[in-house]
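A.B. asks: Under the numbering used here, think of the first position of the sequence shown as 118, with each following residue one higher.
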Amino acid sequence: MSKLILFDCDSTLSRIEGVDEMARLRGEEVFREIEEMTNLAMDGKIPLSEIFGRRLELVRPSREETAAIGQAYIDTVEPHAVDVIGALKEEGWEVVIVSGGYRQAIGPFADFLGVKRVEAVDLFFNEDGSYRSFDRDYPATRNGGKLEIVELLKAEKEFRQVIMVGDGASDLEAKPAVDLFFGFGGFVEREIVKKEADHFIGSLAEILPLLKVGAT
């Protein structure tokens with residue numbers, strides 16, 4: 118029976134928040150507004166659904182700009198992410214990225230990390246590459262969405278153990294569906310996550326000894 122470990126992307130596998138980096142392209146005022154919305158949602162102070170579409174309407178990222186965020190994720194990868202994911206896979210863990218970020222940006226980053234499956238939000242573009250819309254029905258665009266995604270993954274096959282790793286309140290919402298929740302504070306420490314996580318870690322390397330991966 119397989120084991121499943123789920124990683125958030127933004128501020129967990131990578132130092133950046135992708136949508137915030139997109140906002141930088143629109144100037145300091147837009148960046149500050151979106152950064153504040155992102156932090157409020159990740160701290161659990163406002164509903165994710167309230168700000169998800171608003172951020173995208175402010176930024177309206179092009180296909181080219183979205184692809185550039187994929188490289189930015191790679192450039193700001195958590196220092197131990199590649200080695201940790203490799204070690205987990207060697208020990209039989211299935212690794213999935215579960216994110217409220219954008220599939221077209223996270224895809225190249227997942228390839229870099231050696232992760233085959235990404236659960237994230239699709240963006241839609243016009244023929245000229247300009248922004249059109251996003252998948253408004255995808256669970257990760259709303260509160261409780263990551264819990265829904267975890268339940269769907271568990272329905273696909275039976276897992277001996279399921280673990281979630283993430284930095285934000287939207288990740289913490291998946292806790293009822295997993296065996297262990299690892300709160301990650303390597304880039305941003307969020308009090309609600311620190312308080313309610315089964316383990317709170319400052320480096321992804323801490324996962325391996327806690328799971329005794331590679332132990333003899």
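Beta carbons: idealized from backbone N, C-alpha and C, even for Gly.
#1: Does serine 128 come out as helix, strand or coil in the three-state DSSP assignment?
#2: Spatial neighbours of aspartate 296 within its chain, please: CB distance less than 6 angstroms, with the 5 preceding and 5 following residues excluded, ordered by chain position.
#3: Starting from glutamine 278, follow its DSSP beta bridges and name the residues at the other end.
#4: Excluding five sequence neighbours on each side, which residues of the same chain lie with their C-beta closer than 7 angstroms to the C-beta of threonine 193?
#5: By how many angstroms is the C-alpha of alanine 237 removed from the C-alpha of glutamate 268?
#6: Could you give the DSSP three-state label for isoleucine 163: helix, strand or coil?
#7: Is it a yes or a no for the stretch 283-294 touching the stretch 310-322, going by three-plus beta-carbon pairs under 8 angstroms?
#8: Report yes if the CB atom of leucine 325 is closer than 8 angstroms to the CB atom of valine 201, and no otherwise.
#9: Pick out whichever of Asp284, Val215, Arg253 has its Cα sitting closest to the Cα of leucine 264.
#10: Identify every run of the beta strand (DSSP E) within the stretch 158-241, keeping only runs that are complete inside it and at least 3 residues long; order them along the chain.
#11: Rank Lys162, Glu195, Arg259 by C-alpha distance to the C-alpha of cysteine 126 and give the top, closest one.
#12: Near glycine 261, what residues of its chain come up, given a Cβ to Cβ distance below 7 angstroms and the 5 sequence neighbours on each side ignored?
#13: Counting Cβ pairs closer than 8 angstroms, one from the stretch 297-311 and one from the stretch 167-187, do we hit at least three?
#14: Whether or not the stretch 240-253 and the stretch 152-163 are in contact is what I'm after, with contact meaning three or more pairs of Cβ atoms, one per stretch, closer than 8 angstroms; do they touch?
#15: Assign proline 164 to buried or exposed, taking buried as 16 or more other Cβ atoms, counted over all protein chains shown, within 10 Å of its Cβ.
#16: I'd like the span of the beta strand (DSSP E) that includes glycine 90, first residue to last.
C.D. replies: So, from the data block:
#1: coil
#2: Gln278, Val279
#3: Lys120
#4: Ser131, Arg132, Ile133
#5: 15 angstroms
#6: coil
#7: yes
#8: yes
#9: Val215
#10: 210-219, 234-238
#11: Glu195
#12: Glu290
#13: no
#14: no
#15: exposed
#16: Any answer about residue 90 is impossible in this case: the structure gives the chain only from 118 up to 333.
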